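Chemist: Read in order, the letters of the sequence shown correspond to residues 10 to 302 in the UniProt record's numbering. Take a look at this one; I'll ask things after.
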Amino acid sequence: HATQVEAGTLEMTDRHPCYSFKAHRTYARMHLPVAPRCNISCNYCNRKYDCVNESRPGVTSEVLTPEAARDKYLLVRDKVANLSVVGIAGPGDALANWGSVSRTIKLIKEVDREVIFCLSTNGLRLPDYAREIVQLGVKHVTVTVNCIEPDTGSLIYKHVNYQGRVYRGAAGAAILLQNQQKGIEFLARQGVLVKINIVMVKGINDERIPEVVRLVKGLGAFITNIMPLVPAPGSAFENFAPTDVAELNRMRDICGQDMRQMRHCKQCRADAIGLLDEDRSREFSTAGKKLNT
Ligand code: CLF
Ligand code: SF4
Numbered sequence: 010h011a012t013q014v015e016a017g018t019l020e021m022t023d024r025h026p027c028y029s030f031k032a033h034r035t036y037a038r039m040h041l042p043v044a045p046r047c048n049i050s051c052n053y054c055n056r057k058y059d060c061v062n063e064s065r066p067g068v069t070s071e072v073l074t075p076e077a078a079r080d081k082y083l084l085v086r087d088k089v090a091n092l093s094v095v096g097i098a099g100p101g102d103a104l105a106n107w108g109s110v111s112r113t114i115k116l117i118k119e120v121d122r123e124v125i126f127c128l129s130t131n132g133l134r135l136p137d138y139a140r141e142i143v144q145l146g147v148k149h150v151t152v153t154v155n156c157i158e159p160d161t162g163s164l165i166y167k168h169v170n171y172q173g174r175v176y177r178g179a180a181g182a183a184i185l186l187q188n189q190q191k192g193i194e195f196l197a198r199q200g201v202l203v204k205i206n207i208v209m210v211k212g213i214n215d216e217r218i219p220e221v222v223r224l225v226k227g228l229g230a231f232i233t234n235i236m237p238l239v240p241a242p243g244s245a246f247e248n249f250a251p252t253d254v255a256e257l258n259r260m261r262d263i264c265g266q267d268m269r270q271m272r273h274c275k276q277c278r279a280d281a282i283g284l285l286d287e288d289r290s291r292e293f294s295t296a297g298k299k300l301n302t
C-alpha cells in the first residue's frame, strides 16, 4: 500500500533519534514509565525488569502517574538540550495501560505543542486503540513482531491475556499476531510511521526473520529494527546465548535489501533520558535503582 505520510510527519522524523540515524547524535529522547502492566508473557521477559521488547533487561524503573510524568517532562525539558521525543516504552506494555498512557499524552500536549510522542507496544490491543492513537496525533509507533505464524509464536509467547481470557501456546500467539498485523496496517494507512522491533532468537525465529520483514513491509511499516536477544535472568530464555553480533548484522544486511533497517538501537531502559548514547535516567530518577548490571 502507498503510505500516506504527511510532510509534517517526515519533518518530525528528522528529529527522532531512533527513526533517523542522523538525528541520534543531536536529538534526545525521554521515556516516561507510566505503563507497568502487561497483557502477554514473552519467554524472554522477566516481569521484574523492563519490557524487553523495547528495553534491556537487568534494570528496573520507577512507575509514574500521568501528572508526575508531565511534571518530570517539564523538569527534564529544561535541562536536556534538544529533547525532541517523549516515548512510552514500558516497563510493561503501553496499550495494557492505555488510560494512563493516553492521559499522559494529553497532559503533556496541554503544556507543549512541539514534542513528538512515540509509543512501543506488543500490539495485542492495537485493534482497540489504533484509532485513538491517530486522533491523539501520535505519528511514531513501534510494534514488536517476532514471527508471523502461530507455531513459531508458541515458542516465544507463553500466554496472551485477551478480553478476560488466557490463551496459551499457538492459540494465544494466533490472536496476538493477527492483532499486530491488523493494527500495523491500520496505523500505516493513517500516515503513522510504524517501526517493527524483532528480537532475534537463534533456533527459534532467526531463520524466518526475512519473512517477517517482507510481511510488515507489505502492511506499510516504515523501518525494522532487528534486535539481539539479551537473556534476562529468571526468564524462560535465560540460558540462551545472546545473539551473535556478526549473525545479527548479516540478518540486517539480508533484510536491508527489502526494507530500511535501524542499526543504532541501544535497547534503552523504560525511563531512559538523553541522547541514545548517553543515558541520564539516574540523574532524574526518584526511585529507579540499578539491580544487576
Ligand atoms: Fe523510545 Fe523506542 Fe520511541 Fe525510540 S527507544 S519508544 S522508538 S523513543 Fe530507540 Fe531505545 Fe532502541 Fe527503542 S534506541 S530501545 S528503538
Ligand atoms: Fe515482557 Fe514486554 Fe513481553 Fe510484556 S510485551 S511480556 S513486558 S517483554
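Backbone N, C-alpha and C fix where the C-beta goes; we use that ideal spot for every residue, glycine too. For clarity, every value in this text was computed on a predicted model and none was experimentally measured.
From GLY283 to CYS54, what distance separates their C-alpha atoms?
Modeler: Residue numbering aside, residue 283 sits at position 274 when the sequence shown is read from its first letter. Residue numbering aside, residue 54 sits at position 45 when the sequence shown is read from its first letter. GLY283 and CYS54: Cα-Cα distance of roughly 25 angstroms.
Chemist: SER294 to GLU71, Cα distance in whole Å?
Modeler: The residue given as residue 294 occupies position 285 in the sequence shown. The residue given as residue 71 occupies position 62 in the sequence shown. Roughly 8 angstroms between the two C-alpha positions.
Chemist: Using 8 angstroms as the threshold, is the C-beta distance between LEU186 and LYS148 below it?
Modeler: To locate residue 186, count along the sequence shown from 1; it is residue 177. To locate residue 148, count along the sequence shown from 1; it is residue 139. By the CB criterion at 8 angstroms, LEU186 and LYS148 fall outside the cutoff.
Chemist: Under a three-way DSSP split, which group does LYS31 fall into?
Modeler: For this step, residue 31 is matched to residue 22 along the sequence shown. Looking at LYS31 - three-state DSSP - the assignment turns out to be helix.
Chemist: On the DSSP letters alone, give me the boundaries of the beta strand (DSSP E) that ARG38 sits inside.
Modeler: Locating residue 38 in the sequence shown gives position 29, where the first residue counts as 1. 37 to 40 is the extent of the beta strand (DSSP E) around ARG38.
Chemist: Where does GLY162 sit, in a helix, a strand or coil, going by DSSP?
Modeler: What you label residue 162 is simply residue 153 of the sequence shown in a count that begins at 1. Three-state result, GLY162: helix.
Chemist: Determine the direct distance from the alpha carbon of ARG34 to that of GLU141, and round the result to whole angstroms.
Modeler: Counting from 1 along the sequence shown, the entry for residue 141 is found at position 132. Counting from 1 along the sequence shown, the entry for residue 34 is found at position 25. Those two C-alpha atoms are separated by around 32 angstroms.
Chemist: Thinking LEU104 and TYR138 are a contact (beta carbons under 8 angstroms), I'd like their distance in whole angstroms, please.
Modeler: Position 95 of the sequence shown, counted from the start, is the residue given in the question as residue 104. Position 129 of the sequence shown, counted from the start, is the residue given in the question as residue 138. Correct: roughly 5 angstroms between the Cβ atoms.
Chemist: Where does LYS167 sit, in a helix, a strand or coil, going by DSSP?
Modeler: Position 158 of the sequence shown, counted from the start, is the residue given in the question as residue 167. Three-state DSSP puts LYS167 in a strand.
Chemist: Buried or exposed, going by whether 16 or more other CB atoms sit within 10 Å of the CB of ALA255?
Modeler: To locate residue 255, count along the sequence shown from 1; it is residue 246. With fewer than 16 Cβ atoms within 10 Å of its Cβ, ALA255 is classed as exposed.
Chemist: Determine the closest residue to ILE241 out of THR233, ILE235, ARG122, PRO251, with distance taken between C-alpha atoms.
Modeler: The count along the sequence shown starts at 1 and reaches residue 241 at position 232. The question names Ile, but residue 241 is Ala in the sequence shown. The option with the nearest alpha carbon to ALA241 is PRO251.
Chemist: Consult DSSP for LYS148 and reduce its assignment to one of helix, strand or coil.
Modeler: In the sequence shown, the residue the question calls residue 148 occupies position 139. Here LYS148 sits in coil by DSSP.
Chemist: Cutting at 8 angstroms between CB atoms, please list the residues of its own chain near LEU116, excluding the five before and the five after it.
Modeler: Taking the sequence shown and counting its residues from 1, one reaches residue 116 at position 107. Here the set comprises PRO75, GLU76, ALA78, ARG79.
Chemist: Can you tell me where the alpha helix (DSSP H) with ILE184 in it begins and where it stops?
Modeler: Working through the sequence shown from its first residue, we reach residue 184 at position 175. It spans 178 to 198 - the alpha helix (DSSP H) in which ILE184 sits, taken as one unbroken run.
Chemist: Excluding five sequence neighbours on each side, which residues of the same chain lie with their C-beta closer than 8 angstroms to the C-beta of ASP286?
Modeler: Taking the sequence shown and counting its residues from 1, the one referred to as residue 286 is at position 277. Cβ within range, chain order: HIS33, ARG34, LYS275.
Chemist: Hey, how far is the Cα of GLU123 from the Cα of GLY108?
Modeler: Sequence index remark: in the sequence shown, residue 123 carries index 114 (1-based). Sequence index remark: in the sequence shown, residue 108 carries index 99 (1-based). Rounded to whole angstroms, GLU123 to GLY108 spans 22 angstroms at the Cα level.
Chemist: Does the pairing of the stretch 120 to 134 with the stretch 82 to 97 give three or more beta-carbon distances under 8 angstroms?
Modeler: yes
Chemist: Would you list the residues sitting across from GLY96 in a DSSP beta bridge?
Modeler: Here residue 96 is taken as the residue at index 87 of the sequence shown, counted from 1. For GLY96, which the question treats as bridged, DSSP gives the partners HIS40, CYS127.
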